[in-house]
DNA sequence: GAAGAGCGTACCGCTGAGTGGAACGCCGAC
DNA sequence: GTCGGCGTTCCACTCAGCGGTACGCTCTTC
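Chains as they are written, first to last, in our numbering: chain A, 1 to 249; chain B, 1001 to 1249.
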């Protein structure tokens, strides 16, 4: 996958060396992470700066605004985001809790949008970020409606235990998935992060089987009762679904 | 700027060949836009697919989710977005009109966020998209607080007339800018798009001079009175400013 | 204040990754 | 049946890319 001996491979190795949490990385750190020769990293990084994918600061390199712009041209995620926004807003306004929009990418969830207010629960999710499928409400919903093969692939793969509540028993998980298909929502109760609860509903194509995305509401243990938002989340998701169906696709 | 004879240059020429409105582009179209040899485009595009920056569909290529993810790792825009979100939400809830967050990039505005409901005014702005500075409220605010040299550079440059209301007289524009500095807000009245009004306020660093970004509220002629949202926008912007100051940077 | 460790930068001759012209097969249009 | 446009494949040439080496700088460390 990661070709070490093409320019593009090197360039992407450098860009991908930036983790979700990193802002600036010095040259030496890039060398360490990519383990490419120093000279090479220096040159390629220079080229990337030239092309506005990296910025060079006093303390190192950082991913540039040019990359941000480019990323938001990605057609599918962008149109999804734009069409979904009004529904996400409604949902936020009704619940005043953190609202997520996510899609499946490989065996993980990628968040397309995350909106919340000042008192939002401190979740590890970030827009553009990834999370495992088995321990998030959005992930479960997406998995529940994914193909059979896809489902077993995830269930038989290693299921990371994120918290004491993470469900890592394939059998139990599978039962949760089929219940999610029945009821139209999935829950997460402190399975990815202690203190967090979550409800999610699928955004389906008109055929009623293919999932496009999922919407969720997240809140902290204590004041937050996920069950009470079940209908709101489901309503938002189905409404978005029919909007997507109407507008081209 | 665009090196035709390095792999990276070619790769970026291909990626940037996708305009804000394009979703899928066939190979032939990419060849036309980049005017690179057909064989080359084919190969490089293939490599880009391999690296998850492009997707290959039946009808051509399209920017992939991998690019979306990568773009949202860009540190400055992302942290700005995350910290701003609660304030943008507040503002939306108060006004129920389209809310923008934008920064200056070269001589244009780049929108970091755009949120709105179902009845939002149909604006040409898009998240990650660009607009000229002289005919948008956010642009004016950003320009008003930019360096003197930057300001004159834009004012003396060609000022595109987008609508009959677009202000293209440098003198008048300059007066609007200094008024924006005084009052802390700038207006746009159908200067970029017929039927749209807008108020914007600057997000300043604690020194009170350097602009980081700007926040705006947009609505349609008729029901929307921008003046009545002036204080709300200003409040959101200054609140975000102090939050940015508090949290690292 | 000398020695050393770690960093960013600059140089430069070798070589294979990248190049792109040419040719092919496949539609759909006329 | 013919033609124009498209996507794909092939292949011999060559220059873009390579990366080991060396330099100068700024901090620590003793």
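We put the CB at the ideal spot given by N, CA and C, even for glycine. None of the values given here were measured: they were computed from a predicted structure.
Close-in-space but distant-in-sequence residues of the same chain around residue i (CB under 6 Å, 5 per side omitted)
i, result
"residue 1235 of chain B", "none"
"residue 181 of chain A", "144"
"residue 1053 of chain B", "1064, 1066, 1067"
"residue 1102 of chain B", "1109, 1111, 1138, 1214"
"residue 1230 of chain B", "1185, 1199"
"residue 206 of chain A", "245"
Inter-residue Cα distance where the pair is residue i and residue j
i, j, result
"residue 239 of chain A", "residue 112 of chain A", "18 Å"
"residue 7 of chain A", "residue 43 of chain A", "11 Å"
"residue 1247 of chain B", "residue 1076 of chain B", "13 Å"
"residue 202 of chain A", "residue 1208 of chain B", "46 Å"
"residue 1022 of chain B", "residue 1048 of chain B", "17 Å"
"residue 998 of chain B", "residue 1120 of chain B", "This structure does not reach residue 998 of chain B, given that chain B is present from 1001 up to 1249, and the question cannot be answered."
"residue 1069 of chain B", "residue 156 of chain A", "27 Å"
"residue 30 of chain A", "residue 3 of chain A", "16 Å"
"residue 1241 of chain B", "residue 1074 of chain B", "20 Å"
"residue 250 of chain A", "residue 41 of chain A", "No answer is possible for residue 250 of chain A: it lies beyond the span of chain A, which begins at 1 and ends at 249."
"residue 175 of chain A", "residue 169 of chain A", "10 Å"
"residue 5 of chain A", "residue 1033 of chain B", "28 Å"
"residue 223 of chain A", "residue 1124 of chain B", "40 Å"
"residue 98 of chain A", "residue 118 of chain A", "10 Å"
"residue 1018 of chain B", "residue 1010 of chain B", "13 Å"
is_contact[residue i, chain A] using C-beta, thresh 8 Å
i, result
"residue 1100 of chain B", "no"
"residue 1051 of chain B", "yes"
"residue 1023 of chain B", "yes"
"residue 1064 of chain B", "yes"
"residue 1094 of chain B", "no"
"residue 1069 of chain B", "yes"
"residue 1117 of chain B", "yes"
"residue 1128 of chain B", "yes"
"residue 1012 of chain B", "yes"
"residue 1202 of chain B", "no"
"residue 1004 of chain B", "no"
"residue 1133 of chain B", "no"
"residue 1039 of chain B", "no"
"residue 1150 of chain B", "no"
"residue 1020 of chain B", "yes"
Backbone secondary structure at residue i - three-state DSSP
i, result
"residue 205 of chain A", "coil"
"residue 161 of chain A", "coil"
"residue 133 of chain A", "coil"
"residue 253 of chain A", "Residue 253 of chain A lies beyond the residue range present for chain A, which begins at 1 and ends at 249; the question has no answer from this structure."
"residue 1228 of chain B", "helix"
"residue 168 of chain A", "coil"
"residue 194 of chain A", "coil"
"residue 1082 of chain B", "helix"
"residue 221 of chain A", "coil"
"residue 1042 of chain B", "helix"
"residue 1211 of chain B", "strand"
"residue 1035 of chain B", "coil"
"residue 1249 of chain B", "With a pLDDT of only 45 at residue 1249 of chain B, under the threshold of 50, the placement of this residue in the model should not be trusted; the figure read from the coordinates follows. The answer is coil: DSSP assigns residue 1249 of chain B none of H, G, I, E or B."
"residue 54 of chain A", "strand"
"residue 154 of chain A", "helix"
"residue 120 of chain A", "coil"
Close beta carbons around residue i, own chain, < 7 Å, minus the five adjacent residues each side
i, result
"residue 1191 of chain B", "1135, 1162, 1163, 1165, 1166, 1167"
"residue 139 of chain A", "109, 131, 132, 133"
"residue 154 of chain A", "107, 133, 134, 143"
"residue 194 of chain A", "163"
"residue 1020 of chain B", "1126, 1129"
"residue 56 of chain A", "49"
"residue 72 of chain A", "78"
Sub-8 Å separation of residue i and residue j beta-carbons
i, j, result
"residue 197 of chain A", "residue 188 of chain A", "yes"
"residue 14 of chain A", "residue 45 of chain A", "yes"
"residue 1104 of chain B", "residue 1146 of chain B", "yes"
"residue 211 of chain A", "residue 233 of chain A", "no"
"residue 1089 of chain B", "residue 92 of chain A", "yes"
"residue 1051 of chain B", "residue 12 of chain A", "yes"
Cutoff 8 Å: residue i Cβ touching any chain B Cβ
i, result
"residue 229 of chain A", "no"
"residue 220 of chain A", "no"
"residue 224 of chain A", "no"
"residue 191 of chain A", "no"
"residue 249 of chain A", "Reliability of the predicted coordinates at residue 249 of chain A is poor, the pLDDT of 44 falling under 50, and no value is obtained from them."
"residue 86 of chain A", "yes"
"residue 233 of chain A", "no"
"residue 173 of chain A", "no"
Cβ-based neighbour list, residue i, same chain, cut-off 8 Å, excluding 5 preceding and 5 following
i, result
"residue 1085 of chain B", "1113"
"residue 1172 of chain B", "none"
Near the ligand GTP: residue i beta-carbon under 7 Å from a heavy atom
i, result
"residue 158 of chain A", "This structure lacks the ligand GTP, and indeed carries no ligand of any kind."
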